[in-house]
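In this note's numbering, the protein residues as written are 125 to 507.
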């Protein structure tokens with residue numbers, strides 16, 4: 125005779141059956157197409173084979189929508205359960221992560237990592253923009269502005285298509301993300317070609333705007349009836365044109381994740397208008413990604429055109445005493461330019477000071493640069 129089930133076991137079974145029968149909503153925060161789905165099949169279609177996909181099931185549609193929007197969600201006990209954002213600007217690999225396990229791997233045994241935990245995605249993005257390098261900033265901005273896939277449809281190939289004008293574009297921004305950033309635009313049509321561009325970026329000084337402006341200048345200087353192959357090392361620019369612009373246009377030029385105005389939409393819209401003008405005349409416009417700072421001669425020349433004008437701007441500001449930025453690399457460059465333009469005479473050492481230095485032992489004269497000490501404040505907010 126089978127044993128009688130206890131009241132507690134029967135209650136647990138009832139709860140388990142109730143949970144299985146509950147309607148579920150599947151929230152895809154990071155994936156092929158972020159959103160809220162009613163079936164697991166739809167969720168898996170948008171998360172399978174997607175690196176870094178973030179998704180979760182809920183019994184409430186409101187909670188699922190809040191999860192996608194990055195808002196705090198009440199748990200079953202009624203307490204607030206915030207989503208964590210770990211921003212890693214410098215480390216073994218960089219990005220914004222939702223759990224400490226991944227973030228810890230990004231900084232483990234890394235030299236001078238820069239990272240911090242935030243309660244909102246916006247704060248994490250701002251941290252990356254302040255401390256990350258150009259590639260990291262582009263990657264995170266692509267995550268926020270696009271549909272969360274980065275680099276997925278941009279493959280490297282350096283084949284030049286016959287019958288098209290081959291134009292290399294680039295942008296350079298020294299001190300990217302800083303108040304006194306200086307950016308330049310480079311477009312290379314060919315040696316001594318009068319259409320080559322080397323100019324300061326107008327308006328807000330960022331690497332992404334410089335890259336997009338390079339593409340726009342290339343199209344402006346190419347007749348609408350002439351086919352063109354734009355070769356650039358900016359995956360961000362190519363994704364903007366080939367992948368995200370139609371999505372943004374359908375959403376009123378709002379981002380998928382934060383529902384903010386799309387960054388640099390003025391330049392993206394201008395580029396898309398140029399492409400539409402060319403398509404109306406039956407003209408091809410092809411975009412090709414090439415590796416940055418590679419052996420590709422055209423890319424090297426475009427980079428030189430962009431970087432040269434940015435460095436000249438830094439030099440002018442340094443000489444005028446108006447260039448101040450926390451960027452160590454740019455600070456050193458600015459100081460070199462200022463010293464070259466106006467070298468200071470170093471005072472000679474007095475006999476008494478020389479005698480004092482000779483009496484000091486190496487063990488007592490050790491000094492450490494500030495940069496050699498760890499950034500202790502970066503660790504204060506971690507678990």
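Built from N, CA and C at the ideal position, the CB exists for glycine as well.
Through-space distance from residue j to residue i, alpha-carbon basis
i	j	result
residue 420	residue 357	11 Å
residue 212	residue 237	8 Å
residue 155	residue 164	14 Å
residue 510	residue 246	Residue numbering for the chain in the displayed model covers 125 to 507; residue 510 lies beyond these limits and cannot be assessed.
residue 320	residue 240	42 Å
residue 251	residue 352	38 Å
residue 411	residue 354	5 Å
residue 232	residue 360	28 Å
residue 184	residue 190	10 Å
residue 258	residue 331	7 Å
residue 181	residue 244	21 Å
residue 159	residue 432	44 Å
residue 217	residue 225	13 Å
residue 318	residue 262	31 Å
residue 417	residue 229	28 Å
residue 430	residue 297	9 Å
residue 290	residue 284	7 Å
residue 478	residue 441	Annotation note: pLDDT 48 at residue 478 (below 50); position unreliable, coordinate value reported separately. Between residue 478 and residue 441, the C-alpha separation is close to 37 Å.
residue 402	residue 341	14 Å
residue 350	residue 434	30 Å
residue 242	residue 194	12 Å
residue 223	residue 178	10 Å
residue 157	residue 150	12 Å
residue 378	residue 170	21 Å
Residue i, buried or exposed, once every other Cβ within 10 Å from all chains shown has been counted against 16
i	result
residue 366	exposed
residue 415	exposed
residue 307	buried
residue 338	buried
residue 203	Below a pLDDT of 50, predicted positions are generally treated as unreliable, and residue 203, at 48, falls in that range; the measurement from the model is reported next regardless. Its Cβ having fewer than 16 others within 10 Å, residue 203 is exposed.
residue 219	buried
Residue i - partner residues in DSSP beta bridges
i	result
residue 329	None, per the DSSP bridge assignment.
residue 290	353
residue 219	212
residue 298	306
residue 182	149
residue 159	152
residue 377	Residue 377 is not bridged to any residue.
residue 312	292
residue 259	Beta-bridge pairing links residue 259 to no other residue.
Check: residue i C-beta below 6 Å from any heavy atom of the ligand PLP
i	result
residue 318	Inclusion of the ligand PLP in the displayed structure is not the case, the ligand content being empty and no account of it being possible.
Terminal residues of the alpha helix (DSSP H) in which residue i lies
i	result
residue 191	185-193
residue 360	359-363
residue 389	389-404
residue 374	369-374
Start and end residues, beta strand (DSSP E) containing residue i
i	result
residue 323	321-324
residue 248	That residue, residue 248, is in no beta strand (DSSP E); its alpha helix (DSSP H) goes 245-255.
residue 240	238-242
residue 171	Careful: residue 171 lies outside any beta strand (DSSP E) and carries neither H nor E.
- Mind the definition here: the stretch 417-434 touches the stretch 304-317 only if three or more C-beta pairs lie below 8 Å; say whether that holds. yes
- Task: Inspect the CB distances between the stretch 400-411 and the stretch 292-302 and report whether three or more fall short of 8 Å.
- Result: no
- Query: Using 8 Å as the Cβ pair cut-off and three pairs as the minimum, do the stretch 331-346 and the stretch 369-380 touch?
  - Reply: no
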